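S.K.: Next up is a structure, given as structure tokens.
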């Protein structure tokens, strides 16, 4: 089936310099009631974006027209908490294709990779530089190159490499998904199942 | 070569190892619930494939379900629709489904062990991060996303990079009033919510050996709250005694055969862990959280730490205290609370209700407190009645609700209102977790009971 291919992304960003942003903030549980993968972007960061009466919280960055783009910036330990893939869906559905942080929670990172959102982990220092540049000038663009595994801040002329396992990198570059891979292994899996102890 | 318990279980389930990539891991048991499964089933439909091993998947409804009047149609149309989808998908694919009203219904991580689906040495996954609970039995159990739910349904495998290994050893004896929940909150407060990210944890030492299976489940359940993929404890006689003769555990010769495998499940003497941590069990006190992540916990009699003592993230720390309307240096004891929630996959088992009843027996619920007591399953509910605990609870002014996840994540009507404080035996105190604007204080059933009686944060040891 696959998803949109990812190669080089050049974009402005939306900065959220907060640590431990958990999946309940990304999408609160009460918005997990759909039976199809549609409309989750509307409720991305719902309780930070809107007041209880659905009026807009002007001070929140997603409501600030100065910022926008396909890259979301988050503080350390982004995506902690629940395994809800809805968090990654909401980020994708809103229009982001990449999240940059200095540390990601495991399940969230895996979920992103499975749906075509690239989690890019950079050093705390490099992340600070990105935040600094973006706050100084919201039009600051970053270049994320998956093929060479590098993030570049053109206005500062600095670049940092990031890690991603080779298999997952290949999947994202080509838009492949794991289910197709596993489906082609079904006979091997069925054989394997005959010798499992439980 | 010496192997850890985790290595033994993981390695024996690797179907294929991709060079510079993840392992293809075979899954023995798959639990599904209504919230994270519908899109996975939709994926099967779009690909026109059937569930490969329907007998290895078990479905229960829990996240979205009401905890009163379960005999009536579910009012919330979206919730009703999700429940209907799970029922239809289970039927279509031949998966056993324990829906609302079914005698085996309950929280997925409570019913799995109750019916013997959870077994030592198994790989167990579910689209829920607290799947780590099942590690209490020596299983490799962890939460997965919906794409992976679809992988398991269609191929009984997922693709995962093998995590690193951490051992947390705690020796000594727990003092009176200190429960497994306190042990877990203590560990998380030491490690922070990301301290075990990238690791699979094995808990070892006297404290865990002495714990009941229920207590071990509480500890393993909370492994995810320090970022770990999962946590596990080597099976022992207590484990085998617990699972023996349950509906889905092997019987007779099959039991003997399984016991042969299970008796190999321990970390070899010289097995190497990537990280080892040691704590003293004697010094752990009843715990409570004061902030908006489970790592923000302290001994109940200590005061709230100052921001300057936090490693980095001072701004985030103060944002969190501001949300809670607390200040640095304040004492938690005596703070007024509004709600008490006893339940969830963390503390919704019979032992938790016994603890709660022990404190409230012969006393009265504070009039300013709304209390939700929600058993983890019908089996727990029945035990509460059979053991006479219901009477104790009712005499103290409490009522028992019907099973489900309830106020742990507030997907149903059990929502804590904006600005109100809830002492909760659940697992997450994130902003708005128990309802928009709600403020959660995580604690043990003993601390929750003490707060329910006095209407404020109280050291349960003063009520013994």
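Residue numbers (the working numbering), protein chains in the order written: chain A, 1 to 198; chain B, 199 to 662.
Cβ coordinates follow ideal geometry from the N, Cα and C atoms, glycine included.
Bear in mind the structure is a predicted one, so any value in this text is a computation, not a measurement.
Do you know whose CA, among B:358, B:540, B:496 and B:256, lies nearest residue 316 of chain B's CA?
M.R.: By one-based count along the second chain, residue 316 of chain B stands at place 118. It is B:256 whose Cα lies nearest to the Cα of residue 316 of chain B.
S.K.: Name, please, each residue of chain A whose Cβ falls closer than 7 Å to the Cβ of residue 355 of chain B.
M.R.: Against the second chain, residue 355 of chain B aligns to sequence position 157. Under the 7 Å cutoff, chain A gives 182 and 189.
S.K.: Verify the CB distance criterion: does residue 110 of chain A have a CB-CB separation below 8 Å to chain B?
M.R.: Counting from one through the first chain, the residue named residue 110 of chain A turns up at place 110. Yes - at least one Cβ of chain B is within 8 Å of the one on residue 110 of chain A.
S.K.: Determine the direct distance from the alpha carbon of residue 409 of chain B to that of residue 157 of chain A, and round the result to whole angstroms.
M.R.: As a first step, residue 157 of chain A must be located in the first chain, where it is residue number 157. As a first step, residue 409 of chain B must be located in the second chain, where it is residue number 211. Each residue's Cα considered, the two are about 57 Å apart.
S.K.: Give me, in chain order, the residues of the same chain whose beta-carbon lies closer than 6 Å to that of residue 604 of chain B; leave out the 5 immediate sequence neighbours on both sides.
M.R.: Within the second chain, numbered from 1, the residue matching residue 604 of chain B stands at position 406. Same-chain partners within the cutoff: 265, 541, 572 and 612.
S.K.: Could you work out which residues of chain A lie near residue 349 of chain B, taking near to mean beta carbons separated by less than 7 Å?
M.R.: As a first step, residue 349 of chain B must be located in the second chain, where it is residue number 151. The answer, in chain order, is 178, 179 and 182.
S.K.: Quick one: does residue 59 of chain A have its CB under 8 Å from some CB of chain B?
M.R.: On the first chain, residue 59 of chain A is found 59 positions in, with the first residue counted as 1. Answer no: the Cβ-Cβ gap between residue 59 of chain A and chain B never drops below 8 Å.
S.K.: Let me make sure I understand the geometry here. Which of B:486, B:424, B:608 and B:348 has the alpha-carbon closest to that of residue 183 of chain A?
M.R.: For the purposes of this step, residue 183 of chain A is taken as the residue at position 183 of the first chain. Answer by Cα proximity: B:348.
S.K.: Please list, in chain order, the residues of the segment 3 to 30 of chain A that have any C-beta partner in chain B closer than 7 Å.
M.R.: Listed by position along the chain: 18, 19, 20, 22, 24, 25, 28, 29 and 30.
S.K.: Going along the chain, which unbroken runs of the alpha helix (DSSP H) with 4 or more residues stay wholly within the segment 301 to 388 of chain B?
M.R.: Counting whole runs of 4 or more residues, the segment 301 to 388 of chain B contains the alpha helix (DSSP H) stretches 306 to 312 and 344 to 353.
S.K.: Which one of B:535, B:476, B:289 and B:400 has the shortest CA to CA distance from residue 671 of chain B?
M.R.: Outside the shown range of chain B (199 to 662) lies residue 671 of chain B, about which nothing can therefore be said.
S.K.: Should the segment 623 to 640 of chain B be called in touch with the segment 499 to 508 of chain B, which here means at least 3 C-beta pairs below 8 Å?
M.R.: Counting Cβ pairs under 8 Å, fewer than three are found: no touch.
S.K.: Check whether the Cβ atoms of residue 166 of chain A and residue 419 of chain B sit closer than 8 Å, and answer yes or no.
M.R.: Position 166 of the first chain holds residue 166 of chain A. Position 221 of the second chain holds residue 419 of chain B. The answer is no: Cβ separation not under 8 Å.
S.K.: Name the residues in the segment 97 to 127 of chain A whose C-beta lies less than 7 Å from a C-beta of chain B; which are they?
M.R.: Going along the segment 97 to 127 of chain A in chain order, one finds 103, 105, 106, 107, 110, 111, 114 and 115 with a Cβ nearer than 7 Å to chain B.
S.K.: Measuring CB atoms only, is the segment 83 to 90 of chain A touching the segment 125 to 144 of chain A, in the sense that at least three cross pairs come out at less than 8 Å?
M.R.: The answer is no - the segment 125 to 144 of chain A does not touch the segment 83 to 90 of chain A, with fewer than three Cβ pairs under 8 Å.
S.K.: By the 10 Å Cβ neighbour count, where 16 or more other Cβ atoms means buried, how is residue 313 of chain B classified, buried or exposed?
M.R.: Position 115 of the second chain, counted from the first residue, corresponds to residue 313 of chain B. Buried.
S.K.: Anything in the segment 332 to 349 of chain B with a Cβ closer than 9 Å to a Cβ of chain A? List those residues in chain order, please.
M.R.: Here the close residues are 340, 341, 342, 343, 344, 345, 346, 347, 348 and 349.
S.K.: If you draw a straight line from the C-alpha of residue 203 of chain B to the C-alpha of residue 368 of chain B, how long is it?
M.R.: Residue numbering aside, residue 203 of chain B sits at position 5 when the second chain is read from its first letter. Residue numbering aside, residue 368 of chain B sits at position 170 when the second chain is read from its first letter. Going from the Cα of residue 203 of chain B to the Cα of residue 368 of chain B covers about 17 Å.
S.K.: Which class does residue 121 of chain A belong to by DSSP, given the choice of helix, strand or coil?
M.R.: Residue numbering aside, residue 121 of chain A sits at position 121 when the first chain is read from its first letter. Reduced to three states, the DSSP call for residue 121 of chain A is strand.
S.K.: Check each residue of the segment 148 to 164 of chain A: if its Cβ is closer than 9 Å to any Cβ of chain B, include it; give the result in chain order.
M.R.: Listed by position, the residues of the segment 148 to 164 of chain A near chain B (Cβ gap below 9 Å) amount to none.
S.K.: At the level of alpha carbons, what is the spacing between residue 120 of chain A and residue 301 of chain B?
M.R.: Start at 1 with the first residue of the first chain, and residue 120 of chain A comes out as number 120. Start at 1 with the first residue of the second chain, and residue 301 of chain B comes out as number 103. Cα to Cα, residue 120 of chain A sits roughly 46 Å from residue 301 of chain B.
S.K.: Taking CB distances under 8 Å as the criterion, tell me whether residue 514 of chain B reaches chain A.
M.R.: Within the second chain, residue 514 of chain B is the residue found at index 316, counting from 1. Residue 514 of chain B counts as touching chain A.
S.K.: Relative to the C-alpha of residue 647 of chain B, which residue among B:539, B:548, B:245 and B:404 is closest?
M.R.: Your numbering for residue 647 of chain B matches position 449 in the second chain. Of the candidates B:539, B:548, B:245 and B:404, the one whose C-alpha sits nearest the C-alpha of residue 647 of chain B is B:539.
S.K.: Kindly indicate if chain A contains any beta-carbon less than 8 Å away from that of residue 459 of chain B.
M.R.: For the purposes of this step, residue 459 of chain B is identified with residue 261 of the second chain, where counting begins at 1. It does: the Cβ of residue 459 of chain B has a partner Cβ on chain A nearer than 8 Å.
S.K.: Helix, strand or coil: which one does DSSP assign to residue 178 of chain A?
M.R.: Along the first chain, one-based indexing puts residue 178 of chain A at 178. Residue 178 of chain A falls in the helix class under three-state DSSP.
S.K.: List the whole-angstrom C-beta distance separating residue 304 of chain B from residue 274 of chain B, where the pair is believed to meet the contact cut-off of C-beta under 8 Å.
M.R.: Start at 1 with the first residue of the second chain, and residue 304 of chain B comes out as number 106. Start at 1 with the first residue of the second chain, and residue 274 of chain B comes out as number 76. Their Cβ separation, rounded to whole angstroms, is 20 Å, which puts residue 304 of chain B and residue 274 of chain B out of contact at 8 Å.
S.K.: Within the segment 420 to 507 of chain B, note down every full alpha helix (DSSP H) run reaching 4 residues or more, in order along the chain.
M.R.: Runs of the alpha helix (DSSP H) inside the segment 420 to 507 of chain B: 435 to 441 and 450 to 460.
S.K.: To the nearest angstrom, how far is the alpha carbon of residue 200 of chain B from that of residue 113 of chain A?
M.R.: To locate residue 200 of chain B, count along the second chain from 1; it is residue 2. To locate residue 113 of chain A, count along the first chain from 1; it is residue 113. Cα-Cα distance, rounded: 33 Å.
S.K.: Rounded to the nearest angstrom, what separates residue 618 of chain B and residue 291 of chain B at their Cα positions?
M.R.: The count along the second chain starts at 1 and reaches residue 618 of chain B at position 420. The count along the second chain starts at 1 and reaches residue 291 of chain B at position 93. Each residue's Cα considered, the two are about 44 Å apart.
S.K.: Report yes or no: do the segment 579 to 594 of chain B and the segment 447 to 466 of chain B share at least 3 C-beta pairs separated by less than 8 Å?
M.R.: Taking 8 Å as the limit for Cβ pairs, the verdict is that the segment 447 to 466 of chain B does not touch the segment 579 to 594 of chain B.
S.K.: Relative to the C-alpha of residue 597 of chain B, which candidate in B:650, B:638, B:488 and B:615 has its C-alpha closest?
M.R.: Locating residue 597 of chain B in the second chain gives position 399, counting from the first residue. The candidate whose alpha carbon is nearest that of residue 597 of chain B is B:650.
S.K.: Less than 8 Å between the C-beta atoms of residue 100 of chain A and residue 62 of chain A, yes or no?
M.R.: Sequence index remark: in the first chain, residue 100 of chain A carries index 100 (1-based). Sequence index remark: in the first chain, residue 62 of chain A carries index 62 (1-based). It is not a contact, given that the beta carbons lie outside the stated cut-off.
S.K.: Verify the CB distance criterion: does residue 135 of chain A have a CB-CB separation below 8 Å to chain B?
M.R.: One-based indexing of the first chain puts residue 135 of chain A at position 135. Closer than 8 Å: no.
S.K.: DSSP three-state call for residue 522 of chain B: helix, strand or coil?
M.R.: Residue mapping note: residue 522 of chain B aligns to position 324 of the second chain, counting from 1. Reduced to three states, the DSSP call for residue 522 of chain B is helix.
S.K.: With 8 Å set as the bound, which would you pick, yes or no: does the beta-carbon of residue 563 of chain B sit closer than that to a beta-carbon of chain A?
M.R.: Counted from its first residue, the second chain places residue 563 of chain B at position 365. With 8 Å as the cut-off, residue 563 of chain B does not count as an interface residue toward chain A.
S.K.: How about the segment 393 to 403 of chain B and the segment 362 to 380 of chain B: do they share at least three Cβ pairs that are nearer than 8 Å?
M.R.: They touch, by the three-pair rule.
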